[in-house]
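Student: Protein chains in written order, with the numbering used here: chain X, 1 to 395; chain S, 1001 to 1142.
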Amino acid sequence: MQVYADNAATTKMSQTAIDAMLPYMTTIYGNPSSLHSVGQEAKEALDAARETVAQCLGCEPREIIFTSGGSEADNQAIISAARLGEKKGKKHIISTAFEHHAVLHTLKKLEKEGFEIELLDVRQGHNITAQQVKDAIRPDTCLVTTMYANNEIGSILPIPEIGAICKEAGVPFHTDAVQAVGHLHINVKEQNIDMLSLSGHKFHGPKGIGALYVRKGFPLVNIIEGGAQERGKRAGTENIPAICGMAAAMKEACDHIDENAAKVSAMRDKLIEGLSKIPHSAVNGDLVHRLPGNVSFCFEGIEGESLLLLLDQKGICASSGSACTSGSLDPSHVLLAIGRVHDVAHGSLRLSLCEWNTMEEMDHILKCVPEVVEYLRSMSPVWRDLQTGKRTYIL
Amino acid sequence: MALYSEKVMDHFTHPRNVGVIEDANGIGEVGNAKCGDIMKIYLKIEDDIIKDVKFETFGCGSAIASSSMATEMIKGKSIHEAMALTNKAVAEALDGLPAHKLHCSVLAEEAIKNALKDYYDRAGLPYDEKDFPDCEHCEHCE
């Protein structure tokens, strides 16, 4: 049985998205900036896609900028807010310790320029509170940027509350909503969001396409210079097939949010309940405010990469925050940020589901994961030390 | 999966010499759980010959495969031959490892040397400290 349980990494494209893309690769291949009819037809498709994306987010079409993906949108949003703040002498930015690297590395760059970056602690409940944001805001704060939901551990942040606090304080609020769009109800106006990043391939759309919502009037700084596309804020010929595919996938996802969430969260809860029975394990992330498809665990005494390889042999595609899977020497910064020590963070497993998964697949996962964990523990010197009392259990 | 060679996957999924030797006369352990790799080697040496060898490893696929291959390469060999085993030879026997996984073969070499050192210590045999670099010199955990 082949089980794809890595939907937070990327999703399989929907037939709806593929069908929406094809005409723009075959017959309507024009450049939307061209004056002739083939170009103008592409322009119409671009406008329609922008309208669709705007409707899904509750904003105006002119507030949507298409980008190459979530990372570019995060970069542009944060750099823009920083440049605006700088002009006003404000150089304090609030974020969280478990942001995506697209946010954290951009903030790191600004820190080198002299910005003060304050990362909110996420150990309590594996989440932040709106009060933490409120307490951190200062007169010189130029940006609050927090993710909508965490990609590794699934925690959903109190975005409407943070939005309200930022509005009251007059501080721009950006959210990296890459994991949330198409899965959670988002309305940027009601939730007082000034900027929002999203990515097409997290909801069955194509890769290499994303968008940045920017509240009307907020001055954007260009990351890519060139032509006058995207109201002059993002140069480069628009990727029309991808934009149309993303818009179609987004509409489909947003039209089915509640039924998908009900189906997916039932599978999620089954996995969390079943895997919790593995001794010396712990679930990561906020158990109440949680993405419908996220299951994240740490298993003591084993290492995540070997776990993934053996699961792959059993047909299960998953991911881990272990150092060996990241290509760096440290385990996931998210797991460290919520207070997991290195020893335990190495033994992490993330299963991320979508509405195309089935209960039969969950049964397969629940059969295979405990077997593989037990097998790896049987050859682990760490596990032996834990069992013989030479080492103390952490979980 | 193209990350690893077929040899690595074979030794990872069917590791040779896994376990413990209760009456081992040389035991070596290198690495630490913080950096994500621990290898423990048990040796049973008689008349300068490695009669039996077992390993336990906490680590990634290449760490388990390197342990398995290294134990296979020294089983039945003399302690002098075992001392001459290099991480390069382990990696080559596995048809290569990805660059960022080469430290796993280093760990295997060091685990075996560590166990041999323990054997020399227990037997009261003389040896040159320089032949036994400990894993602290490796940058992996820094």
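Note that beta-carbon positions come from the ideal geometry of N, C-alpha and C, so glycine has one too.
Computed from a prediction, not measured in an experiment: that's the story for all the values here.
Let me know if X:A266 comes out buried or exposed under the rule of 16 or more other beta-carbons within 10 Å of its beta-carbon.
Tutor: As a first step, residue 266 of chain X must be located in the first sequence, where it is residue number 266. Burial call: exposed.
Student: If you draw a straight line from the C-alpha of S:K1075 to the C-alpha of X:H280, how long is it?
Tutor: If you number the second sequence from 1, residue 1075 of chain S lands on position 75. If you number the first sequence from 1, residue 280 of chain X lands on position 280. So the two alpha carbons sit approximately 35 Å from each other.
Student: If contact means a Cβ-Cβ distance below 7 Å, which residues of the region 1030 to 1053 of chain S contact chain X?
Tutor: For chain X, the residues of the region 1030 to 1053 of chain S that bring a beta carbon within less than 7 Å of one of its beta carbons are A1033, K1034, C1035, G1036, I1038, K1040, in chain order.
Student: Exposed or buried, what is X:S322 when buried is set at 16 or more other beta-carbons lying within 10 Å of its beta-carbon?
Tutor: Indexing the first sequence from 1 puts residue 322 of chain X at position 322. By the 10 Å Cβ count, X:S322 comes out buried.
Student: Which residue's Cα is closest to the Cα of X:I338: X:P61, X:S68, X:S155, X:E60?
Tutor: For the purposes of this step, residue 338 of chain X is taken as the residue at position 338 of the first sequence. Checked all of X:P61, X:S68, X:S155, X:E60; the closest Cα to X:I338 is X:S155.
Student: Beta-carbon of X:E303 versus every beta-carbon of chain S: anything under 8 Å?
Tutor: Position 303 of the first sequence, counted from the start, is the residue given in the question as residue 303 of chain X. It does; some Cβ of chain S falls within 8 Å.
Student: Does X:V181 come out as helix, strand or coil in the three-state DSSP assignment?
Tutor: Position 181 of the first sequence holds residue 181 of chain X. If DSSP states are grouped into helix, strand and coil, X:V181 belongs with coil.
Student: Give the single residue among X:I394, X:E63, X:T16, X:A45 whose Cα lies nearest to the Cα of X:G232.
Tutor: Within the first sequence, residue 232 of chain X is the residue found at index 232, counting from 1. Minimum Cα distance to X:G232 is reached at X:E63.
Student: What is the C-beta distance between X:A466 and X:S14, in whole angstroms, given that I count them as a contact (C-beta under 8 Å)?
Tutor: Since the first residue shown for chain X is 1 and the last is 395, residue 466 of chain X is missing from the structure and cannot be characterised.
Student: For S:V1018, which residues in chain X fall below 9 Å Cβ to Cβ?
Tutor: Walking along the second sequence from the start, residue 1018 of chain S turns up at place 18. The contacting residues are S378, M379.
Student: Do we get a CB-CB distance below 8 Å when we pair X:H101 with the residues of chain S?
Tutor: The residue given as residue 101 of chain X occupies position 101 in the first sequence. Not one chain S Cβ lies under 8 Å of X:H101.
Student: Given a cut-off of 8 Å on the beta-carbon distance, is the pair X:A318 and X:L395 in contact?
Tutor: Along the first sequence, one-based indexing puts residue 318 of chain X at 318. Along the first sequence, one-based indexing puts residue 395 of chain X at 395. No.
Student: Would X:D121 be called buried (16 or more neighbouring beta carbons within 10 Å of its own) or exposed?
Tutor: Position 121 of the first sequence, counted from the start, is the residue given in the question as residue 121 of chain X. Exposed, because fewer than 16 other Cβ atoms sit within 10 Å of the Cβ of X:D121.
Student: Report the residue from X:E300, X:L119, X:H174 whose alpha carbon sits nearest the alpha carbon of X:W383.
Tutor: Numbered from its first residue, the first sequence carries residue 383 of chain X at position 383. Of the candidates X:E300, X:L119, X:H174, the one whose C-alpha sits nearest the C-alpha of X:W383 is X:E300.
Student: If you reduce the DSSP assignment to three classes, tell me which class X:T67 lands in.
Tutor: The residue given as residue 67 of chain X occupies position 67 in the first sequence. In the three-state DSSP reduction, X:T67 falls in the strand class (E or B).
Student: My understanding is that S:I1045 touches S:G1026, with C-beta atoms under 8 Å, so please give their C-beta distance in whole angstroms.
Tutor: Position 45 of the second sequence, counted from the first residue, corresponds to residue 1045 of chain S. Position 26 of the second sequence, counted from the first residue, corresponds to residue 1026 of chain S. Their Cβ separation, rounded to whole angstroms, is 6 Å, which keeps S:I1045 and S:G1026 in contact under 8 Å.
Student: Leaving out five residues before and five after S:G1096 in sequence, what residues of the same chain have Cβ atoms less than 7 Å from its Cβ?
Tutor: Along the second sequence, one-based indexing puts residue 1096 of chain S at 96. Same-chain partners within the cutoff: S1005.
Student: Cα separation between X:N75 and X:D385?
Tutor: As a working mapping, residue 75 of chain X is identified with position 75 in the first sequence. As a working mapping, residue 385 of chain X is identified with position 385 in the first sequence. Those two C-alpha atoms are separated by around 45 Å.
Student: Please decide whether S:I1064 counts as near chain X, where near means a Cβ-Cβ distance under 8 Å.
Tutor: Numbered from its first residue, the second sequence carries residue 1064 of chain S at position 64. For S:I1064, the nearest CB of chain X lies under 8 Å from its own CB, placing it at the interface with that chain.
Student: List, in order along the chain, the chain X residues whose C-beta lies closer than 7 Å to that of S:T1013?
Tutor: Position 13 of the second sequence, counting from 1, holds the residue named residue 1013 of chain S. Within 7 Å Cβ-Cβ: Q313.
Student: Return the residue from the list X:Y148, X:H126, X:I162, X:Y24 that minimises the CA-CA distance to X:V133.
Tutor: For this step, residue 133 of chain X is matched to residue 133 along the first sequence. Comparing Cα-Cα distances from X:V133 to each of X:Y148, X:H126, X:I162, X:Y24, the minimum goes to X:I162.
Student: Which residues, in chain order, does the region 339 to 357 of chain X contribute to contact with chain S at a C-beta distance below 7 Å?
Tutor: The region 339 to 357 of chain X vs chain S, Cβ under 7 Å: H342, D343, H346.
Student: Could you say which of S:C1104, S:H1080, S:H1014 lies nearest to S:Y1127 if we only look at CA atoms?
Tutor: Counting from 1 along the second sequence, the entry for residue 1127 of chain S is found at position 127. Out of S:C1104, S:H1080, S:H1014, S:H1080 has the C-alpha closest to the C-alpha of S:Y1127.
Student: Whole angstroms are fine: how far does the CA of S:E1056 sit from the CA of S:T1013?
Tutor: Along the second sequence, read from residue 1 onward, the residue named residue 1013 of chain S stands at position 13. Along the second sequence, read from residue 1 onward, the residue named residue 1056 of chain S stands at position 56. Computed Cα separation, rounded: 14 Å.
Student: Buried or exposed for X:Y393, going by 16 or more other Cβ atoms inside 10 Å?
Tutor: As a working mapping, residue 393 of chain X is identified with position 393 in the first sequence. Per the 10 Å Cβ criterion, exposed.
Student: Measure how close the beta-carbons of X:V3 and X:H364 come, nearest whole angstrom, since I'm counting them as under 8 Å.
Tutor: What you label residue 3 of chain X is simply residue 3 of the first sequence in a count that begins at 1. What you label residue 364 of chain X is simply residue 364 of the first sequence in a count that begins at 1. With a Cβ gap of about 6 Å, X:V3 and X:H364 count as contacting.
Student: Apart from the five residues on each side of it in sequence, which residues of its chain come closer than 8 Å, Cβ to Cβ, to S:M1001?
Tutor: In the second sequence, counting from the first residue as 1, residue 1001 of chain S sits at position 1. At S:M1001 the pLDDT is 49, less than 50, meaning the model places this residue with poor confidence and gives no usable figure here.
Student: For X:C298, return the contacting residues in chain S, with the cut-off set at a CB-CB distance below 9 Å.
Tutor: Indexing the first sequence from 1 puts residue 298 of chain X at position 298. None at all; the shortest Cβ gap to chain S is about 13 Å.
Student: Compare the C-beta of S:C1056 against all C-beta atoms of chain X and say whether one is closer than 8 Å.
Tutor: Position 56 of the second sequence holds residue 1056 of chain S. In the sequence under discussion, the amino acid at residue 1056 of chain S is Glu, which differs from the Cys named in the question. Cβ-Cβ to chain X under 8 Å: yes for S:E1056.
Student: Can you tell me the Cβ-Cβ gap for X:G200 and X:G210, rounded? I've got them flagged as a contact below 8 Å.
Tutor: Residue mapping note: residue 200 of chain X aligns to position 200 of the first sequence, counting from 1. Residue mapping note: residue 210 of chain X aligns to position 210 of the first sequence, counting from 1. So it is a contact: roughly 6 Å between Cβ atoms.
Student: Would you mind telling me which residues of chain S sit closer than 8 Å to X:A323, beta carbon to beta carbon, in chain order?
Tutor: On the first sequence, position 323 is the one that residue 323 of chain X refers to. The answer, in chain order, is C1035, G1036.
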